[in-house]
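See below for the structure under consideration.
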Amino acid sequence: MSEAPAAPPAGSADPVRDDAVALLLKPPRPRAGWRLLPARVGAMCAVELQKLRHDRTELYTRAVQPALWLLIFGQTFTRVRAIPTGGIPYVDYLAPGIIAQSAMFIAIFYGIQIIWERDAGILNKLLVTPTPRSALITGKAFAAGVKSLVQAVVVLLIAALLGVALTWNPIELLAVAAIVVLGSAFFSCLSMTIAGIVLSRDRLMGFGQAITMPLFFGSNALYPVSVMPGWLQAVSKANPLSYEVDALRGLLLGTPHQLAADFAVLLVAAALGVTAASALLGRLAR
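Numbering (our numbering), first residue to last: 7 to 292.
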């Protein structure tokens with residue numbers, strides 16, 4: 007009795023590529039070194055843009071407060087002329103400060119999101135990946151910067167409708183974007199650092215509300231440093247928001263500024279913020 011013929015090997019209409027087989031046998035090496043940080047930052051920024059694209063409610067509601075500052079406070083004090091602004095209308099002088107304020111108000115509560123991620127179990131999953139903690143914090147910090155940048159565009163449009171004499175030079179606007187992102191990165195890292203200390207959303211809300219107004223009024227956003235009392239001038243010089251406002255005012259209005267020094271202070275502040283938040287990230291996940 008003869009044996010049954012062997013079944014022919016299963017074939018496929020599509021030829022199997024050698025590199026596809028290699029990926030099945032040996033997974034690709036993970037990104038490392040200098041390629042890891044840009045990938046993480048890009049992923050976090052993409053997540054924030056997706057949130058804004060699917061739900062624009064926050065964008066609209068956050069535009070109300072800066073609009074009120076410019077429409078009511080700015081227009082009123084332009085008529086009063088009680089604050090020396092170097093010969094420019096007060097509403098023009100105020101606009102860069104409101105841009106910085108709006109960006110700070112978004113970033114300073116960014117730690118609430120990381121506490122929510124901890125409660126949902128997402129943070130623990132991120133921490134067991136090969137991604138360094140500094141890359142996670144940097145990605146979240148610059149994602150906050152992207153979110154604040156969208157808010158800054160809204161404030162710029164409102165200021166333009168009010169007749170504020172802003173520059174539209176593309177290079178200067180790119181520098182404005184960089185300043186807003188760096189400032190927001192620092193304040194979001196400050197928020198995540200506080201989150202790593204207090205470990206609670208309610209406590210973080212309390213701390214955030216307690217420090218936002220002193221940071222705002224202790225800067226040059228509303229008035230020049232020269233009219234402040236001596237102790238407040240010292241506070242303003244230690245306040246990163248003052249350097250952000252100074253850079254924005256110089257770029258958008260052409261007022262005297264120290265752009266290199268402002269940029270350096272914000273860069274160092276953001277780096278220190280990333281370091282502090284990264285050190286406390288493990289405590290937050292416990």
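Where is the CB? At the ideal position from N, CA and C, for every residue including glycine.
When secondary structure is reduced to three states using DSSP, Ile94 falls in the coil class, being assigned neither helix nor strand.
Within the same chain, Cβ atoms closer than 7 Å to the Cβ of Val97 are found at Leu76, Gly80, Gln81, Thr84, Leu168, Val170, the five residues on either side in sequence being excluded. By the neighbour-count definition (other C-beta atoms within 10 Å, threshold 16), Val134 is an exposed residue.
Leu265 and Ala45 have their C-alpha atoms roughly 29 Å apart.
If you ignore the 5 residues before and after Ser248, its C-beta comes within less than 6 Å of the C-beta of Ser225, Asn226, Ser242, all in its own chain and listed in chain order. Distance between Lys131 and Ala291, taken at the CA atoms: about 10 Å. With 16 or more neighbouring CB atoms inside 10 Å of its own CB, Gly103 falls in the buried class.
For Pro95 and Ala147, the gap between their C-alpha atoms comes out near 34 Å. Rounded to whole angstroms, the separation of the alpha carbons of Leu74 and Gly279 is 31 Å. Listed in chain order, the non-local C-beta contacts of Ser190 below 6 Å within the same chain comprise Ala109, Ala113, Ala150, Gly151, Ser154, local neighbours out to five positions each way being set aside.
With contacts defined by Cβ atoms closer than 9 Å, Gly202 and Arg289 form a contacting pair.
Distance from the CA atom of Val86 to the CA atom of Gly256, rounded to whole angstroms, is 24 Å. A straight line joining the alpha-carbon of Pro262 with that of Ala253 spans about 9 Å.
Assignment of Ala171 by DSSP, reduced to helix, strand and coil, places it in the coil class.
Spanning the alpha carbons of Leu180 and Gly127 requires a straight line of approximately 37 Å.
Between Gly48 and Gly145, the C-beta spacing is below 9 Å. Rounded to whole angstroms, the Cβ separation of Pro72 and Ile164 is 7 Å, and the two are in contact under 8 Å. Taking the CA atoms as reference points, Val231 sits about 33 Å from Ser284.
Taking a 10 Å sphere around the C-beta of Val271, we find 16 or more other C-beta atoms and assign the residue as buried. Counting other Cβ atoms within 10 Å of its Cβ, Val251 reaches 16 or more and is therefore classed as buried.
In terms of Cβ geometry, Ala276 and Leu205 do not form a close pair [threshold 9 Å]. Between the C-alpha atoms of Ala106 and Gln239 there is a straight-line separation of about 19 Å. Per the C-alpha coordinates, the member of Val156, Asp208, Leu196 positioned closest to Leu55 is Val156.
In the three-state reduction of the DSSP assignment, Arg139 falls in the helix class. DSSP places Val86 in the uninterrupted alpha helix (DSSP H) bounded by 81 to 86.
A straight-line Cα-Cα distance of about 25 Å links Asn245 and Ala141. Taking Ala183 as the centre and dropping the five residues before and after it, the same chain places the C-beta of Leu155, Ala158 closer than 8 Å to its C-beta, in chain order. Taking Phe193 as the centre and dropping the five residues before and after it, the same chain places the C-beta of Met110, Ala113, Ile114 closer than 7 Å to its C-beta, in chain order.
Gly212 sits exposed, since fewer than 16 C-beta atoms from the chains shown fall within 10 Å of its C-beta.
It is roughly 31 Å from the alpha-carbon of Leu196 to the alpha-carbon of Ala166.
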